[in-house]
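Working notes, beginning with the structure itself.
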Amino acid sequence: IANGEQSLPVTSARRQHFVPAFALAQFAQPVGSRTGWLFQLDVQSGAPRRTRPGDAAFVRDLYTYEDAQGELSRSVEAFFSIVERHAATALEHLRTDPAALTAHDRETISFFLALQESRTPGGLIRVQQMRQVAFELKASMDLASVESFRKAFASEYVDGLSLSEAEDLRLRMQGQLLEGRVHYEAPQAGAMTQILNAADELAMQIYELDWTVLTAEGAEFVTSARPISMV
Numbered sequence: 543i544a545n546g547e548q549s550l551p552v553t554s555a556r557r558q559h560f561v562p563a564f565a566l567a568q569f570a571q572p573v574g575s576r577t578g579w580l581f582q583l584d585v586q587s588g589a590p591r592r593t594r595p596g597d598a599a600f601v602r603d604l605y606t607y608e609d610a611q612g613e614l615s616r617s618v619e620a621f622f623s624i625v626e627r628h629a630a631t632a633l634e635h636l637r638t639d640p641a642a643l644t645a646h647d648r649e650t651i652s653f654f655l656a657l658q659e660s661r662t663p664g665g666l667i668r669v670q671q672m673r674q675v676a677f678e679l680k681a682s683m684d685l686a687s688v689e690s691f692r693k694a695f696a697s698e699y700v701d702g703l704s705l706s707e708a709e710d711l712r713l714r715m716q717g718q719l720l721e722g723r724v725h726y727e728a729p730q731a732g733a734m735t736q737i738l739n740a741a742d743e744l745a746m747q748i749y750e751l752d753w754t755v756l757t758a759e760g761a762e763f764v765t766s767a768r769p770i771s772m773v
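Each residue of the sequence shown is one higher than the one before, starting from 543 at the first, in the numbering used here.
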């Protein structure tokens, strides 16, 4: 795909899992069955409910966004499906014989976990908030003085303003920022872009960590939407 020899898969799926169904199936009864039963906790009510892997941990159109042409795109969901297909095999190797895990498998799992760390609904919101805070910090520095304003927003229009006109514009923009009226136009799409861009670096950090694999023997195993703990 990266070499242009094959196109990205196309998907029409609107039920978009933030924990893949293949992974959820490993916590079902019978184990590995996508039609098996598992329990999902409603964190707001505190009540567990019986469900199936295909019906758990999804949000409708979670990764769907509007592209530059104004059309709805599900390319991120299609990309995640590729990652999941490779990860399913590598995780099976990890379960059956951890000591024989190859470097290739470890890389694949690391990349899968790097994405899983942020692709949940809460993770997407967290990345959006981090981007907004970073944006506001940068903007506040750019609007701190007329000099920093002219330098940050250098253009034919700004350069043509008088000192008083530039100061009026700076104060107006600063006021809008302080009132919380300045935001990214497409926060969710931007957050997904940042998650994808940061995945390589995070995957490298996960790869280099010491890994401990926990196995449940004859009892239920409790996990979360972000099934990874890193120190």
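Glycine is no exception: its CB is placed at the ideal position from the N, C-alpha and C atoms.
According to DSSP, is residue i helix, strand or coil?
| i | result |
| --- | --- |
| Q558 | strand |
| V625 | helix |
| L705 | helix |
| E619 | helix |
| P551 | coil |
| L614 | strand |
| T650 | helix |
| Q571 | strand |
| F564 | helix |
| L580 | strand |
| Y726 | coil |
| Y607 | strand |
| E634 | helix |
| A656 | helix |
| L756 | coil |
| D710 | helix |
| A645 | helix |
| G546 | coil |
Measure how close the beta-carbons of residue i and residue j come, nearest whole angstrom, since I'm counting them as under 8 Å.
| i | j | result |
| --- | --- | --- |
| T577 | S623 | Actually they do not touch by this definition, with Cβ atoms about 20 Å apart. |
| V561 | A599 | 4 Å |
| F564 | E626 | 6 Å |
| V764 | L636 | With a Cβ gap of about 19 Å, V764 and L636 do not count as contacting. |
| L713 | L703 | At roughly 13 Å, the Cβ-Cβ gap does not stay under 8 Å, so L713 and L703 are not in contact. |
| R692 | A708 | 6 Å |
Are the beta-carbon atoms belonging to residue i and residue j less than 7 Å from one another?
| i | j | result |
| --- | --- | --- |
| P595 | A620 | no |
| R591 | W579 | no |
| A731 | Y605 | no |
| A650 | A630 | The residue you asked about is not Ala; residue 650 is Thr in the sequence shown. Contact: no. |
| L550 | S617 | yes |
| F653 | A745 | yes |
| R556 | D603 | yes |
| A741 | T662 | no |
| D793 | A632 | With the chain running from 543 to 773 in the structure shown, residue 793 is simply not present. |
Identify the continuous alpha helix (DSSP H) that holds residue i and give its terminal residues.
| i | result |
| --- | --- |
| V675 | 663–684 |
| V688 | 688–694 |
| A589 | Note, A589: premise wrong, no alpha helix (DSSP H); beta strand (DSSP E) at 589–593. |
| Q586 | That residue, Q586, is in no alpha helix (DSSP H); it is neither H nor E in DSSP. |
| L738 | 729–750 |
At which residues does the beta strand (DSSP E) containing residue i begin and terminate?
| i | result |
| --- | --- |
| V601 | 600–602 |
Is residue i near the ligand MG, going by C-beta to nearest heavy atom under 6 Å?
| i | result |
| --- | --- |
| Q716 | Ligands in the displayed structure: none, and consequently the ligand MG is not present. |
Could one say the Cβ of residue i lies closer than 7 Å to chain E's Cβ atoms, at least one of them?
| i | result |
| --- | --- |
| A598 | Of the chains in the structure shown, none is chain E; there is only one protein chain. |
Original post:
Can you find at least 3 beta carbon pairs, one from the region 713–721 and one from the region 738–755, that sit closer than 8 Å?
Top reply: no
Original post:
Between the region 671–680 and the region 728–740, are three or more C-beta pairs nearer than 8 Å?
Top reply: Using a Cβ-Cβ distance cut-off of 8 Å, the region 671–680 and the region 728–740 are in contact, since at least three pairs of beta carbons, one from each stretch, lie closer than that value.
Original post:
Should the region 644–660 be regarded as contacting the region 674–691, the criterion being three or more beta carbon pairs within less than 8 Å?
Top reply: no
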